[in-house]
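Visitor: Encoded as structure tokens, here's the structure I'll be asking about.
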Amino acid sequence: MTKSFLVDTVPTPIPLVSSDKSTEKTPERESVKVVIYGSKRGVNNTILTLYKLGFAQVNEWSPLLPSSNPGEVMSILTRHIVTT
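For the sequence shown, the residue numbers in the UniProt record's numbering are 1 to 84.
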């Protein structure tokens, strides 16, 4: 009985993702904070205005926090941006 050996004609697939970490660039991220100071009403109105302008969702802002000035509050929005 004879056996026939065929050469593999299917090429080896080339990986789509390189495993060489030295040539890959990962984007750097930076935190940017936006702070609003003022009365409770003023801070809430500003947050709503910025929401209407499409700047940030209302729930992305921190709860109202007391500031160092009596009768004044603040709210903080933190964004993470990609730097190049």
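We put the CB at the ideal spot given by N, CA and C, even for glycine.
The model shown is predicted, which means the values in this text are computed figures rather than measured ones.
According to the Cβ coordinates, are arginine 29 and isoleucine 81 closer than 8 Å?
Guide: Position 29 of the sequence shown holds residue 29. Position 81 of the sequence shown holds residue 81. Yes.
Visitor: Provide the residue span of the alpha helix (DSSP H) that contains serine 64, from first to last.
Guide: Locating residue 64 in the sequence shown gives position 64, counting from the first residue. Serine is not the amino acid found at residue 64; the sequence shown has leucine there. Counting along the chain, leucine 64 falls outside any alpha helix (DSSP H), and DSSP gives it neither H nor E.
Visitor: Confirm, please, whether the CB-CB distance from threonine 78 to lysine 33 is below 8 Å.
Guide: Position 33 of the sequence shown, counted from the start, is the residue given in the question as residue 33. Position 78 of the sequence shown, counted from the start, is the residue given in the question as residue 78. Taking 8 Å as the Cβ cut-off, lysine 33 and threonine 78 qualify as a contacting pair.
Visitor: Could you have a look at threonine 83 and say whether DSSP puts it in helix, strand or coil?
Guide: Position 83 of the sequence shown holds residue 83. Strand at threonine 83.
Visitor: Taking the C-alpha atoms as reference points, what is the distance between glutamate 60 and tyrosine 51?
Guide: The sequence position of residue 60 within the sequence shown is 60, counting from 1. The sequence position of residue 51 within the sequence shown is 51, counting from 1. Whole-angstrom Cα-Cα distance: 10 Å.
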